[in-house]
Structure formats: structure tokens, C-alpha cells
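Peer 1: Going down the list, the protein sequences come from chains Z and A. Numbering follows our numbering, in which position 98 of the first sequence is assigned residue number 98; successive positions increment by one, without gaps. Numbering follows our numbering, in which position 37 of the second sequence is assigned residue number 37; successive positions increment by one, without gaps.
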Amino acid sequence: AQSVAQPEDQVNVAEGNPLTVKCTYSVSGNPYLFWYVQYPNRGLQFLLKYITGDNLVKGSYGFEAEFNKSQTSFHLKKPSALVSDSALYFCAVSAPNDYKLSFGAGTTVTVRA
Amino acid sequence: KAGVTQTPRYLIKTRGQQVTLSCSPISGHRSVSWYQQTPGQGLQFLFEYFSETQRNKGNFPGRFSGRQFSNSRSEMNVSTLELGDSALYLCASSLREGSPDYGYTFGSGTRLTVV
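As C-alpha cells, then:
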């Protein structure tokens, strides 16, 4: 069985400060890892993914994430947060030939001006 | 190119009725999967189809069913609706694993309210 843990329900940061959203996962085999963002009453918007290759992945809107196999983590980071980054963030994992995503519970990010 | 299209956006149904939701994937995507999002349970996988075949199914009662057509469009059906079925239903489409652009693109969802 595969699972994702997002240990923080909420993250609050000031605009211009670094933003980190934590994610750890459990899966059999090599993981496919994803980050999505959701704004109110909207679907999930893709930010970035790790499938294979470089452990540091760069994505949309200045976000990046680092795949750490030994710690089974895939934390999302942004060097300088914007007020418009305030949203709900989901980490998800899939396994080869499993054809489904397992999501974390989500982390609400609030960036104050 | 056009994204994943889900219709309708909003739906209100009465307990005991049935409902059909539609999802049109990105052109060229042959995999379509469905997810239910509720405040209490979060995002849960319902099922996935590829070339009209269901390849995986989540832990939902048999009242939840789906199908995929030859043009990759998919529908999901919920029969005998219960209040607890009120949720945002999200559809995602994907290229096959191993494709350079493999990944899941989600639609805007259908908000189902059961009264």
C-alpha cells in the first residue's frame, strides 16, 4: 500500500520569506511523486513531479522540490513566497503500474503581506 | 491545447437518485482516472481506465461505477445517492507511464450536492 504524510496542516510565512511544505511517502518500488496546488472551488493545478533523474526538480511559479530516497521525502520549496501562493497544497505518490495517485491530507499555506 | 473538461460543473440531486458525470481528457491521453474530494476524507481514488479497460479501482461501494469510450472520454455513475456522496469529483487524464510527459492533469471538477 502507498501513502503520503503531510505533517503540517498549516504553514504561515511572510511575503518574501522562504516557503517549505513537507511531504514524506511510503510506496513499494520506485515512487512517482507529484505536487499540486488547489485554489478555492477549483481543481488541482500541477506544480512539479519526480519520475526519475535529478533529485532536484524545478516546477511552475518558482517552486522546486528535492527527492530524498533515504528519508522518503519530497519537500516543496520556494525561495521567496508571494501572497498569491496562499492556497492548499497536495503531495501525491504513485507506483509503477499502479495507475493511481495517493494524496496527502493537504497543507494550507498562508502568505501574509 | 485544451485541458481536461468535466461536465457539469455543479449538480444538485436528491437522495436515492442517480447521477452521471462526464470527463473529456486531453487529446492523446488514453488514461482517465477519477477522484472524490471531501473535507473529511480528503482526496480518494475511485477508478482508472485505459483504452476502455478498468485497470485499478479504489475502495468504494458498487454504487460507484465508470466506463470509458473509444474516444477516451469517460463517465462515472453514482446510483442510489446518499448525503455522504456530496463531494467534488475530479477527473485526471494522463499519457501512459514511460512517456516523457507522463503525469496527471486534472479538470476543474464537478461539485455534487445531495439533498
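Note that CB positions come from ideal geometry on N, CA and C, so glycine has one too.
For Z/D98, which of Z/S60, Z/V27, Z/C23 and Z/N12 has the nearest alpha-carbon?
Peer 2: The shortest C-alpha separation from Z/D98 is found at Z/V27.
Peer 1: Would Z/A5 count as contacting chain A if we go by Cβ distances under 8 Å?
Peer 2: Not an interface residue.
Peer 1: Closer than 7 Å by beta-carbon distance: list the chain A residues that pair up with Z/D98, in chain order.
Peer 2: By Cβ distance, chain A contributes N56.
Peer 1: Please decide whether Z/L114 counts as near chain A, where near means a Cβ-Cβ distance under 8 Å.
Peer 2: The displayed coordinates of chain Z run from 1 to 113. Any statement about residue 114 of chain Z would go beyond what the structure contains.
Peer 1: When you compare each of Z/V21, Z/Y32 and Z/V11 to Z/S94 by their alpha carbons, which one comes out closest?
Peer 2: The residue with the shortest Cα to Cα distance from Z/S94 is Z/Y32.
Peer 1: Which residue's Cα is closest to the Cα of Z/S34: Z/F63, Z/N12 and Z/R112?
Peer 2: The identity of residue 34 of chain Z in the sequence shown is Phe, whereas the question assumes Ser. Among Z/F63, Z/N12 and Z/R112, the Cα nearest to that of Z/F34 is on Z/F63.
Peer 1: Which residues in chain A sit within 7 Å of Z/G43, going by Cβ to Cβ distance?
Peer 2: Residues of chain A passing the Cβ test: L90, F106, G107, S108 and G109.
Peer 1: Given a cut-off of 8 Å on the beta-carbon distance, is the pair Z/T72 and Z/Q10 in contact?
Peer 2: Going by C-beta atoms, Z/T72 is not nearer than 8 Å to Z/Q10.
Peer 1: Who are the neighbours of Z/K58 on chain A, taking C-beta pairs under 9 Å?
Peer 2: Those do not exist, as Z/K58 stays about 15 Å from chain A at its closest Cβ, beyond 9 Å.
Peer 1: At 3 residues or longer, what runs of the beta strand (DSSP E) sit wholly inside the region 10–92 of chain Z?
Peer 2: As far as the region 10–92 of chain Z is concerned, its whole beta strand (DSSP E) runs of at least 3 residues are 10–14, 19–21, 24–26, 32–38, 44–50, 56–58, 64–68 and 73–78.
Peer 1: Can you tell which of Z/S80, Z/G104, Z/A92 and Z/P7 has the C-alpha that lies nearest to the C-alpha of Z/V111?
Peer 2: Z/V111 has its Cα closest to that of Z/S80, out of Z/S80, Z/G104, Z/A92 and Z/P7.
Peer 1: Can you list, in chain order, the residues of its chain whose CB lies under 7 Å from that of Z/P74, leaving out five sequence neighbours each side?
Peer 2: A small correction: the amino acid at residue 74 of chain Z is Phe; Pro does not occupy that position in the sequence shown. Here the set comprises C23, Y25, L33, Y50, A65, F67 and C91.
Peer 1: Among A/L43, A/A92 and A/M76, which has the Cα closest to the Cα of A/R30?
Peer 2: Out of A/L43, A/A92 and A/M76, A/A92 has the C-alpha closest to the C-alpha of A/R30.
Peer 1: Rounded C-beta distance between A/T5 and A/S24? I'm assuming under 8 Å.
Peer 2: Right, their Cβ atoms sit about 4 Å apart.
Peer 1: Tell me whether A/G84 sits in a helix, a strand or coil according to DSSP, three-state version.
Peer 2: Reduced to three states, the DSSP call for A/G84 is helix.
Peer 1: Anyone know if the C-beta pair for A/G3 and A/T80 falls short of 8 Å?
Peer 2: No, the Cβ-Cβ distance between A/G3 and A/T80 is not below 8 Å.
Peer 1: Nearest chain A C-beta to Z/A105 closer than 8 Å, yes or no?
Peer 2: Answer yes: the Cβ-Cβ gap between Z/A105 and chain A drops below 8 Å somewhere.
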